[in-house]
Amino acid sequence: MNNLFVTKSENNLYKKYLKDGYIIADIKNIKSLDWIKQFYLSFIKDYFKKDFSTKDLLNNFHKLIKIKDLNSFRLKLIQEINKDKNFRKNYFNVASIFLYEIVGNELAMQNRVNLSIQLPGDKSSLLDVHADTWSGDSPFESVVWLPLVDCFKTKSMFILPALKYKKFIKLLQSSKFRNSADLFPKIKNDVKWLKINYGQILIFNQCLPHGNLVNKEKETRWSMNCRFKSIFTPYGDKKLGEFFEPISLKAASKFAMNYKLPKIK
Amino acid sequence: MGERVPQSVQNLVIRDYCSRNNISYLLSATEYAMKNSSKVLFKIINEKNKERVILYSLFQLPSNSNLRDKFYKIVIKNKKKIYFALENKSLNNKDDIEIIRDIWNIKDVLPNCLKKF
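These protein sequence lines map, in sequence, to chains A and B.
For the first sequence, the positions run 0 to 264 when numbering that gives the first Met the number 0 is used.
For the second sequence, the positions run 0 to 116 when numbering that gives the first Met the number 0 is used.
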């Protein structure tokens, strides 16, 4: 259905998000994307106290760090990115035009940006098939997934396209599985591995099953994720305040929230 | 907040917040259990020797908006810095107050919005 009240580009995103469960788009705000990447490169140089050449530093990060040291590095880095107020601002700037079209214009943003670093062969950073809603997220949330390197095949993530979701629900109801790891083999022919390059952004429906496997490519994956929702939609276990912050409340709502009908005699 | 988090867990969250933000944890205080009480909170923000106060959550502020406005006024007047550990937010100027106000207002309006999914 074409909605006459929205632009052609918005209609295309709308249809694609509903049909596939995600959109991949070219980022328009390159300045903010560069700011984010530079933040990481500076952190790595400071952490290792070495002035590396930045060319392919992220892709080749597995040559710098051992798997056993990865988690402490990652935690320190996550702490830094969430300490810097400009980080979330730039993250939002990169995604805003697409979020306005897919989610809404009065938005709540997750308080913390998450980071995933997947070294080749690392089995410690895996996410079995899951939907975020299964662990308490509201179905009104969308995930903005932002790669710092080109992601493809097992260096990327997979998602079950929306068109296959009904089939998946039937499968859940009809077949037994012992644990979450048993799910992937049952849907591996239906999932789509997303090819997304640096300079592009992925916004996906986290109600759809998704996850990753061991990165079997020769490069390290760096990606971030952060959830957005419309402010006045239902919250799941992830509440306003502790998990989400309103970031684009509009003047009319701000006024209306305090409005009281005048008392008359 | 509509739900109760055990005090031991609240203290853990506050201690963790202090440790992550290099803040020395000195004394803890517990609000009276009587409904809608903010007596302890108002006593603390009026004390001269306590510059920084950490609350477990910003939803521990008075549920009455007039009382919250009074709280903000005293915080600014007495040059206090208030931290909310769970939400990782702080309050010591008018911009901070606006953010806290928005969050509270939205929380108050949400019961009138779509609730279930």
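The C-beta atom is built at its ideal place from N, Cα and C for all residues, glycine as well.
Just so we're clear, the structure is a prediction, and the values are computed from it rather than from any experiment.
Closer than 8 Å at the beta carbon, the chain B residues around residue i
{"i": "A:N110", "result": "E86, N87"}
{"i": "A:N257", "result": "N104"}
{"i": "A:L248", "result": "D101, I105"}
Distance CB(residue i)-CB(residue j) smaller than 8 Å
{"i": "A:Q265", "j": "A:R226", "result": "The displayed coordinates of chain A run from 0 to 264. Any statement about residue 265 of chain A would go beyond what the structure contains."}
{"i": "A:T232", "j": "A:S137", "result": "yes"}
{"i": "B:K80", "j": "B:N91", "result": "yes"}
{"i": "A:L162", "j": "A:K18", "result": "yes"}
{"i": "A:V112", "j": "A:I200", "result": "no"}
{"i": "A:D149", "j": "A:Y90", "result": "no"}
{"i": "A:K27", "j": "A:I96", "result": "yes"}
{"i": "B:L66", "j": "B:F83", "result": "no"}
{"i": "A:N76", "j": "A:T219", "result": "Note on residue identity: the sequence assigns Leu, not Asn, to residue 76 of chain A. Their beta carbons are not under 8 Å apart, which means A:L76 does not touch A:T219 by this criterion."}
{"i": "A:I186", "j": "A:V142", "result": "no"}
{"i": "B:F36", "j": "B:N10", "result": "In the sequence as presented, Phe is not what sits at residue 36 of chain B; that position holds Ser. Cβ atoms of B:S36 and B:N10: not closer than 8 Å."}
{"i": "A:L159", "j": "A:L207", "result": "yes"}
{"i": "A:S155", "j": "A:W192", "result": "yes"}
{"i": "A:N104", "j": "A:S252", "result": "no"}
{"i": "A:L147", "j": "A:K36", "result": "yes"}
{"i": "A:I202", "j": "A:L106", "result": "no"}
{"i": "B:V4", "j": "B:Y55", "result": "yes"}
{"i": "B:I73", "j": "B:N104", "result": "no"}
{"i": "A:N224", "j": "A:W144", "result": "yes"}
{"i": "A:E43", "j": "A:L32", "result": "Here residue 43 of chain A is Ile; the residue named in the question, Glu, does not match the sequence. In this structure, A:L32 does not lie closer than 8 Å to A:I43 by Cβ."}
{"i": "A:N211", "j": "A:F151", "result": "no"}
{"i": "B:V39", "j": "B:E30", "result": "yes"}
{"i": "A:F139", "j": "A:K228", "result": "yes"}
{"i": "B:I53", "j": "B:Y16", "result": "yes"}
{"i": "A:I23", "j": "A:I195", "result": "yes"}
{"i": "A:F38", "j": "A:F72", "result": "no"}
{"i": "A:I66", "j": "A:S123", "result": "yes"}
Residues that residue i contacts on chain A, provided the C-beta gap is smaller than 7 Å
{"i": "B:L57", "result": "G240"}
{"i": "B:L113", "result": "T232, P233"}
Identified DSSP bridge partners for residue i
{"i": "B:Y31", "result": "Looking at the DSSP assignment, B:Y31 forms no beta bridge with any residue, so it has no partner."}
{"i": "A:G210", "result": "A:F157"}
{"i": "A:I202", "result": "A:I22, A:V143"}
{"i": "A:I116", "result": "A:W221"}
{"i": "A:P245", "result": "A:A107"}
{"i": "B:F83", "result": "B:L54, B:K88"}
{"i": "A:I195", "result": "A:C150"}
{"i": "A:K228", "result": "A:A107"}
Neighbouring residues, chain A, relative to residue i (Cβ below 9 Å)
{"i": "B:F116", "result": "T132, S137, P138, F139, T232, P233, G235"}
Interface partners of residue i on chain A, CB under 8 Å
{"i": "B:K106", "result": "L239, G240"}
{"i": "B:I102", "result": "L239, G240, E244, P245"}
{"i": "B:C17", "result": "Under the 8 Å cutoff, chain A gives no residues; its nearest Cβ is about 15 Å from B:C17."}
As assigned by DSSP and simplified to three states, the class of residue i
{"i": "A:N50", "result": "In the sequence under discussion, the amino acid at residue 50 of chain A is Asp, which differs from the Asn named in the question. Here A:D50 sits in coil by DSSP."}
{"i": "A:E79", "result": "helix"}
{"i": "A:P146", "result": "strand"}
{"i": "B:S18", "result": "helix"}
{"i": "B:Q59", "result": "helix"}
{"i": "A:Y258", "result": "coil"}
{"i": "B:L113", "result": "coil"}
{"i": "A:L125", "result": "coil"}
{"i": "A:L239", "result": "strand"}
{"i": "B:V12", "result": "helix"}
{"i": "A:F60", "result": "helix"}
{"i": "B:V4", "result": "coil"}
{"i": "B:N77", "result": "coil"}
{"i": "B:S64", "result": "helix"}
{"i": "B:L25", "result": "coil"}
{"i": "A:R73", "result": "helix"}
{"i": "A:R87", "result": "helix"}
{"i": "B:V39", "result": "helix"}
{"i": "A:S174", "result": "coil"}
{"i": "A:V93", "result": "helix"}
{"i": "B:N104", "result": "helix"}
{"i": "B:N48", "result": "coil"}
{"i": "A:I263", "result": "coil"}
{"i": "A:S137", "result": "coil"}
{"i": "A:P233", "result": "coil"}
8 Å contact criterion, which residue i and residue j should meet: CB distance rounded
{"i": "B:D101", "j": "A:P245", "result": "5 Å"}
{"i": "A:L125", "j": "A:V213", "result": "7 Å"}
{"i": "A:I80", "j": "A:L12", "result": "Contact doesn't hold; Cβ gap of about 27 Å is too wide."}
{"i": "A:Y21", "j": "A:N204", "result": "7 Å"}
{"i": "A:G235", "j": "A:G135", "result": "5 Å"}
{"i": "B:V12", "j": "B:L60", "result": "About 16 Å; that fails the 8 Å criterion."}
{"i": "A:D189", "j": "A:K175", "result": "That pair is no contact at about 19 Å."}
Residue i: CB within 7 Å of a non-hydrogen atom of the ligand FAD
{"i": "A:D236", "result": "With respect to small molecules bound, the structure shown includes none, and the ligand FAD cannot be examined in it."}
Partners in chain B for residue i, counting only beta-carbon separations shorter than 7 Å
{"i": "A:M223", "result": "The premise fails here: A:M223 is roughly 18 Å from chain B at the closest Cβ pair, so nothing lies under 7 Å."}
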